[in-house]
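Contents: one structure, followed by commentary.
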Amino acid sequence: MEKERHVLVVFPHPDDEAFGVSGTIMKYIDAGVPVTYACLTFGDMGRSLGYPPFATRESLHDIRKKEVEKSAEIMKLTDLRLLGYRDKTLEFEPPGHLTSVMQDLIGELNPSTIISFYPGYSVHPDHEATADAVVDAVTEMNAADRPKLHLVAFDKNTLDDLGEPDIINDITGYEDRKEQVMAAHISQTGPLLKRLAAETVDGKETRDAYLKLEQFYSYDIN
Amino acid sequence: MEKIDRDKVQEVLNQYQNQPVYIHVEITSGMYANHLNSEVFNVGTFMRNVQVEFVQGAIRGGKDGEYRVGLKLVNGGWIYVLGLTHYVINENDEFILHGFDHDGKMASALEISANEFFK
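Spelled out as structure tokens, the structure:
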């Protein structure tokens with residue numbers, strides 16, 4: 001991993017950082033790189049309310065806020081920004097609004113790299129709205145000032161269209177803490193944690209998928 | 223939350239009759255339904271903090287623990303929710319009905335409160 005001035009992580013839901021990125025975040029933090037995680041919503045419209053359910057649509061907001069705070073604590077991430085939008089509604093904000101929010105963050109933090117979702121390949125409309133806002137904000141910058149974009153893609157067509165990811169971070173040594181980060185989001189991750197812990201073929205495949213490598217696509221504005 | 227007790231839920235519905243109430247109604251297949259299974263068609267709706275007044279609210283069904291609730295509105299309109307399994311009255315005195323699918327995920331919701339829900 002290259003030495004970075006500041007890494008800005010932007011995702012819409014409080015567990016989006018956990019699955020594909022938290023090992024990378026911890027590696028940066030342990031290397032002394034300042035990391036900011038801007039999380040746009042509280043994930044308060046999620047369908048998972050615990051297994052078995054311990055939340056309701058009304059309590060999920062506070063529960064997921066605590067979960068992401070716990071996740072940040074495990075990652076030793078000290079700059080967590082909870083922007084407070086309602087889950088599912090990002091794509092309906094006035095045009096340009098989220099882009100200006102991203103511009104403000106970039107202007108304040110001057111990141112050398114931004115980690116977010118890849119536009120067109122991130123499945124959930126909130127992910128897409130976030131990705132678009134990030135890419136639009138960076139596109140409007142002078143080419144020389146633009147941070148690098150390391151983006152997460154997982155649409156079914158990703159491999160066919162984008163090929164193999166070009167940034168692969170080995171997170172060996174972070175397996176336990178990454179599992180703790182996923183466990184911090186317990187309202188969402190109950191079944192996944194069971195699979196991770198299982199001494200079965202599926203268990204091994206799940207551990208291989210989440211706990212060894214984290215993969216990103218670099219995104220070239222031009 | 224507890225599994226729906228039909229008599230108790232009917233009793234609570236009666237308490238909210240003939241007065242302005244705030245409603246949260248939601249049905250969702252989840253954003254990943256089609257991503258995970260291409261045979262499935264993604265659907266969903268939610269309406270939040272819509273104020274209505276119902277003249278009659280009734281719970282029906284109950285086969286396999288799945289109930290329907292219909293609210294007949296004072297203006298002749300209706301609110302209908304299918305697939306409700308659990309209920310609770312929370313610390314803010316909000317009456318919450320949820321339906322959990324076979325994977326334990328929330329698929330439907332009807333919530334009624336005298337006060338606005340959190341924005």
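Line order of the protein sequences matches chains R and Z.
So that you can map any letter, position 97 of the first sequence is 97 in my numbering, and since no number is skipped, the others follow by simple counting.
So that you can map any letter, position 91 of the second sequence is 313 in my numbering, and since no number is skipped, the others follow by simple counting.
All residues carry an ideal CB built from backbone N, CA and C; glycine is no exception.
Remember, it's a predicted structure, so these values are computed and weren't measured experimentally.
- Judged by DSSP in its simplified three-state form, R:D79 adopts strand.
- Per DSSP, reduced to three states, the secondary structure at R:A198 is coil, with no helix or strand assignment.
- Not a single CB atom of chain Z sits nearer than 8 Å to the CB of R:M182.
- Residue-level contact by beta carbon fails for R:S218 and chain Z, as no gap is shorter than 8 Å.
- Around the beta carbon of R:R64, 16 or more other beta carbons lie within 10 angstroms, which makes this residue buried.
- Contact of R:R57 with chain Z by beta-carbon distance below 8 Å involves H246, E248, I318, H320, M328, A331 and E333.
- Taking 8 Å as the cut-off between beta carbons, none of the residues of the segment 277-303 of chain Z comes near chain R.
- In this structure R:P12 is in contact with R:T41, their Cβ atoms being roughly 5 Å apart against a cut-off of 8 Å.
- The Cβ atoms of Z:S330 and Z:G299 lie no closer than 8 Å to each other.
- By a beta-carbon distance limit of 8 Å, Z:S335 contacts Z:V243. Their separation comes to about 7 Å.
- R:D79 is positioned such that its CB atom lies no closer than 8 Å to that of R:V33.
- Selection Z:V291, Z:F276 and Z:E275 evaluated against Z:R282 yields Z:V291 as nearest (Cα-Cα).
- Taking C-beta atoms under 8 Å as the contact rule, R:V21 and R:T113 fail to qualify, at a distance of about 12 Å.
- The DSSP assignment places 158-162, 175-184 and 186-197 as complete runs of the alpha helix (DSSP H) inside the segment 137-199 of chain R, in order along the chain (cut-off: 4 residues).
- Within the segment 230-316 of chain Z, the runs of beta strand (DSSP E) at least 3 residues long that lie entirely inside it are, in chain order, 243-250, 266-274, 276-283, 289-295, 300-306 and 308-311.
- Legend: CB atoms of the segment 261-275 of chain Z lying less than 9 Å from CB atoms of chain R belong to residues G266, F268 and R270.
- Taking the CA atoms as reference points, Z:M328 sits about 33 Å from R:H150.
- C-alpha of R:R195 to C-alpha of R:T206: approximately 7 Å in a straight line.
- Burial check for Z:I311: the Cβ neighbour count within 10 Å stays below 16, so the residue is exposed.
- Contact of Z:G252 with chain R is assigned, a C-beta pair being separated by under 8 Å.
- Using beta-carbon distances, Z:V243 does not count as an interface residue toward chain R, since no partner is under 8 Å.
- Its Cα nearest to that of Z:D286, the residue Z:D323 stands out among Z:D323, Z:Q241, Z:H246 and Z:I301.
- Here the segment 136-152 of chain R lies against the segment 92-106 of chain R, with 3 or more beta-carbon pairs under 8 Å apart.
- Its Cα nearest to that of R:G43, the residue R:D62 stands out among R:E2, R:E164, R:D62 and R:Y37.
- By the Cβ neighbour-count rule, R:G96 is exposed, with fewer than 16 other Cβ atoms within 10 Å of its own.
- The C-alpha of Z:E224 lies about 29 Å from the C-alpha of R:A197.
- Remark: C-beta atoms of R:P165 and R:Q215 approach each other more closely than 8 Å.
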